[in-house]
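Peer 1:
In the numbering used here, the protein residues as written are 1 to 191.
1. Rounded to whole angstroms, what is the Cα-Cα separation between residue 37 and residue 110?
2. Let me know the secondary structure DSSP gives residue 173 once reduced to three states.
3. State buried or exposed for residue 143, treating a residue as buried only when at least 16 other CB atoms are found within 10 Å of its CB.
4. By how many angstroms is the C-alpha of residue 134 removed from the C-alpha of residue 149?
5. Alpha carbon to alpha carbon, what distance is there between residue 145 and residue 254?
6. Please go through the same chain and pick out, in chain order, the residues whose beta-carbon is closer than 8 Å to the beta-carbon of residue 155, but skip the five residues on each side of it.
7. DSSP three-state call for residue 70: helix, strand or coil?
8. For the beta strand (DSSP E) holding residue 113, just list the boundary residues, first then last.
9. With a CB to CB cut of under 6 Å and the five nearest residues on each side skipped, what residues in its chain are close to residue 130?
10. Could you check what DSSP says for residue 168 in three-state terms: helix, strand or coil?
11. Any chance the CB of residue 178 is under 7 Å from a heavy atom of the ligand COA?
12. Tell whether a beta-carbon distance below 8 Å holds between residue 158 and residue 173.
13. Would you mind sorting residue 122 into buried or exposed? The rule is 16 or more other CB atoms within 10 Å of its CB.
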């Protein structure tokens with residue numbers, strides 16, 4: 001008689017934390033007494049603890065200069081109101097987040113305005129600050145840093161079309177009202 005053994009790629013299911021479906025990679029957060037759910041994406045019930053070192057989950061490839069950025073143009077065309085936004089593409093889905101408050105917190109904490117349940121993102125990772133007619137990003141003591149394009153920054157002004165990297169997530173700043181909005185949009189297509 002052969003027994004089928006369940007193995008976990010990292011850690012165990014005991015305790016609180018982030019877990020990924022071993023079939024499709026869907027992420028869930030569980031507390032110590034939570035039962036393992038059925039995956040809302042594929043119906044599987046096999047989860048493994050998420051880890052920076054876990055290579056089992058298949059993420060969308062990180063866009064590089066050769067990748068098609070038409071999705072970002074499509075986002076611009078569908079915006080019905082002028083404003084400032086962060087656009088994010090992951091797992092075949094596009095999210096557009098309007099920046100309306102003076103301070104927008106990005107991180108893994110439940111109190112973050114833009115939340116990523118991902119171990120590469122610190123609980124308090126970054127803050128978008130909109131003051132005095134300028135929009136800036138500020139590193140909020142993150143472990144992995146905040147990158148504007150390829151450059152690590154502590155505090156930097158954002159321009160239309162800028163790529164902001166938080167952990168392994170790439171967000172694109174869209175400014176349809178700023179003085180440099182059209183210039184930034186044109187510059188992003190010159191690359």
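Just so it is clear, CB atoms sit at the ideal spot from N, CA and C, and this is done for glycine as well.
All of these numbers come straight from a predicted model, not from anything done at the bench.
Peer 2: For this structure:
1. Between the alpha carbons of residue 37 and residue 110 lies a distance of about 20 Å.
2. Residue 173: strand per DSSP, three-state reduction.
3. Exposed, because fewer than 16 other Cβ atoms sit within 10 Å of the Cβ of residue 143.
4. Rounded to the nearest angstrom, the two C-alpha atoms are 18 Å apart.
5. Coverage of the chain is limited to positions 1 through 191, which leaves residue 254 absent and any answer about it impossible.
6. Only 136, 137, 138 and 139 meet the Cβ criterion.
7. In the structure shown, the three-state DSSP call for residue 70 is helix.
8. No beta strand (DSSP E) contains residue 113, which DSSP labels as neither H nor E.
9. The answer, listed in chain order, is 102.
10. The answer is coil: DSSP assigns residue 168 none of H, G, I, E or B.
11. Looking at this structure, you won't find the ligand COA or any other ligand, since it has none at all.
12. Their beta carbons are under 8 Å apart, which means residue 158 touches residue 173 by this criterion.
13. A buried status is given to residue 122, since no fewer than 16 other beta-carbon atoms sit within 10 Å of its beta-carbon.
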